[in-house]
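*Asks:* With the first letter of the sequence shown counted as 1, position 206 gets the number 457 in the numbering used here; the numbers rise by one all the way through.
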Amino acid sequence: MKRILAPLIAGMLAAAAGSAAADSVTFYQDDQFRGRSFTADRPVSNFARDGFNDRVHSAVVHEGRWEICVDADFGGSCGVLAPGAYPTLGAYAGKISSVRPAEGGAYGSRNEDRGGAHQGRNDDRGRHHARATLYEGSNLSGRAYRLDTTMPNLASSGFNDRASSLRVESGYWIFCSDAEFRGECRTYGPGDYASLPNLNNAISSGRMISDAYPYADRPDWKRESYGTSQSEPMRR
Numbered sequence: 252m253k254r255i256l257a258p259l260i261a262g263m264l265a266a267a268a269g270s271a272a273a274d275s276v277t278f279y280q281d282d283q284f285r286g287r288s289f290t291a292d293r294p295v296s297n298f299a300r301d302g303f304n305d306r307v308h309s310a311v312v313h314e315g316r317w318e319i320c321v322d323a324d325f326g327g328s329c330g331v332l333a334p335g336a337y338p339t340l341g342a343y344a345g346k347i348s349s350v351r352p353a354e355g356g357a358y359g360s361r362n363e364d365r366g367g368a369h370q371g372r373n374d375d376r377g378r379h380h381a382r383a384t385l386y387e388g389s390n391l392s393g394r395a396y397r398l399d400t401t402m403p404n405l406a407s408s409g410f411n412d413r414a415s416s417l418r419v420e421s422g423y424w425i426f427c428s429d430a431e432f433r434g435e436c437r438t439y440g441p442g443d444y445a446s447l448p449n450l451n452n453a454i455s456s457g458r459m460i461s462d463a464y465p466y467a468d469r470p471d472w473k474r475e476s477y478g479t480s481q482s483e484p485m486r487r
């Protein structure tokens, strides 16, 4: 079966790539790149306008990294798709409502391209706030899952016990081996973590605990010994 599918998928990807612009992603209504499709080469804040809300089940990322979100206006749970073919979208299948280039792409950051939809709301979305991204592979590779809020149980995200590396963009985060922040927990400050000793493929919950280092002695994050994390109890 694999020998049959491989050339078939390769041919479909080549055809899709030929008609897609750089930095673009093509979504398909069914698994294995079947059914209706549409290609995005810029932010799409609401899939309902294209008749694709909560209907996407597979995708091909031609160029760039794309953030997919379960709610319109890039809200709710979001993940990042790197270039490649996704014959199924796992926990995001049938749930995607908006998409845009991931942070650092041509269309700006997570907050900048929200436009006026959230202006005037009494929340912190207009400010830079803590974010962390879990990666399925080591060295920040593979499927990604971004957090900017408390996640007491990753089972609903399709990322439970799957993270092998981590990037903390801002704030200080605690990740735990069990749901509801139980089991073995480690604290991570801003930086890239190519591997997750003691928590590799074991993270089930995570949350931001502080904007500043929350323990008694602030470490030198450049020291190799802090290339993993801290596991001290948090001051109260």
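Even glycine gets a Cβ: it sits at the ideal position worked out from N, Cα and C.
Because the structure is a prediction, the values reported are computed rather than measured.
Judging by CA-CA distance, which residue of I460, W317 and S288 is the nearest neighbour of A304?
*Replies:* For the purposes of this step, residue 304 is taken as the residue at position 53 of the sequence shown. Note on identity: in this sequence residue 304 is Asn, with Ala being the wrong assignment. Considering only alpha carbons, the answer is S288.
*Asks:* Express the C-alpha separation of A333 and A353 in angstroms, rounding to a whole number.
*Replies:* The sequence position of residue 353 within the sequence shown is 102, counting from 1. The sequence position of residue 333 within the sequence shown is 82, counting from 1. C-alpha separation (whole angstroms): 9 Å.
*Asks:* Are E318 and R351 close, meaning C-beta to C-beta below 8 Å?
*Replies:* Indexing the sequence shown from 1 puts residue 318 at position 67. Indexing the sequence shown from 1 puts residue 351 at position 100. Yes, the pair counts as a contact, with Cβ atoms nearer than the cut-off.
*Asks:* Which parts of the stretch 272–327 are runs of the beta strand (DSSP E), unbroken and 3 residues or longer, counting only runs that do not cross its ends?
*Replies:* Within the stretch 272–327, the complete beta strand (DSSP E) runs of at least 3 residues are 276–281, 285–291, 309–312 and 317–322.
*Asks:* I need the boundaries of the beta strand (DSSP E) containing F432, first residue and last residue.
*Replies:* Looking up residue 432 in the sequence shown gives position 181. First-last for F432: undefined, no H or E at that position.
*Asks:* Do W424 and M459 have their beta-carbon atoms positioned less than 8 Å apart in this structure?
*Replies:* To locate residue 459, count along the sequence shown from 1; it is residue 208. To locate residue 424, count along the sequence shown from 1; it is residue 173. Going by C-beta atoms, M459 is nearer than 8 Å to W424.
*Asks:* For T384, count neighbouring C-beta atoms within 10 Å of its own C-beta (all shown protein chains included) and say buried if the count is 16 or more, exposed if not.
*Replies:* Sequence index remark: in the sequence shown, residue 384 carries index 133 (1-based). With 16 or more Cβ atoms within 10 Å of its Cβ, T384 is classed as buried.
*Asks:* Please check the pair E435 and A414, which I expect to be a contact at CB under 8 Å, by giving their CB distance rounded to whole angstroms.
*Replies:* Working through the sequence shown from its first residue, we reach residue 435 at position 184. Working through the sequence shown from its first residue, we reach residue 414 at position 163. Between A414 and E435 the Cβ distance is about 14 Å, and since that is not below 8 Å, they are no contact.
*Asks:* Short of 6 Å in beta carbon distance, which residues of its chain neighbour D301, apart from the five on each side in sequence? Order them along the chain.
*Replies:* In the sequence shown, counting from the first residue as 1, residue 301 sits at position 50. Counting only Cβ-Cβ distances below 6 Å, and skipping sequence neighbours, we find F289.
*Asks:* What is the DSSP secondary structure of G409, counted as helix, strand or coil?
*Replies:* On the sequence shown, residue 409 is found 158 positions in, with the first residue counted as 1. For G409, the three-state secondary structure derived from DSSP is coil.
*Asks:* In whole angstroms, what is the alpha-carbon distance linking N404 and C329?
*Replies:* The residue labelled residue 404 in the question sits at position 153 within the sequence shown. The residue labelled residue 329 in the question sits at position 78 within the sequence shown. About 15 Å.
*Asks:* Spell out the partners DSSP gives I460 in its beta bridges.
*Replies:* Taking the sequence shown and counting its residues from 1, one reaches residue 460 at position 209. Paired residues: none, contrary to the question.
*Asks:* Can you tell me the Cβ-Cβ gap for L229 and Y444, rounded? I've got them flagged as a contact below 8 Å.
*Replies:* The structure shown does not extend to residue 229, since the chain is modelled only from 252 through 487, so no value can be given for it.
*Asks:* For G336, does the three-state DSSP call read helix, strand or coil?
*Replies:* Position 85 of the sequence shown, counted from the start, is the residue given in the question as residue 336. One point to set straight first is that residue 336 is Ala, not Gly, in the sequence displayed. Reduced to three states, the DSSP call for A336 is strand.
*Asks:* With 16 other CB atoms within 10 Å as the buried threshold, where does S455 fall?
*Replies:* Position 204 of the sequence shown, counting from 1, holds the residue named residue 455. It is buried - the Cβ of S455 has at least 16 other Cβ atoms within 10 Å.
*Asks:* Alpha carbon to alpha carbon, how far is S446 from G315?
*Replies:* Here the question's residue 446 lines up with position 195 in the sequence shown. Here the question's residue 315 lines up with position 64 in the sequence shown. C-alpha separation (whole angstroms): 24 Å.
*Asks:* Sort out for me which residues DSSP pairs T384 with in a bridge.
*Replies:* Translated into the one-based positions of the sequence shown, residue 384 becomes position 133. Paired residues: R397 and R418.
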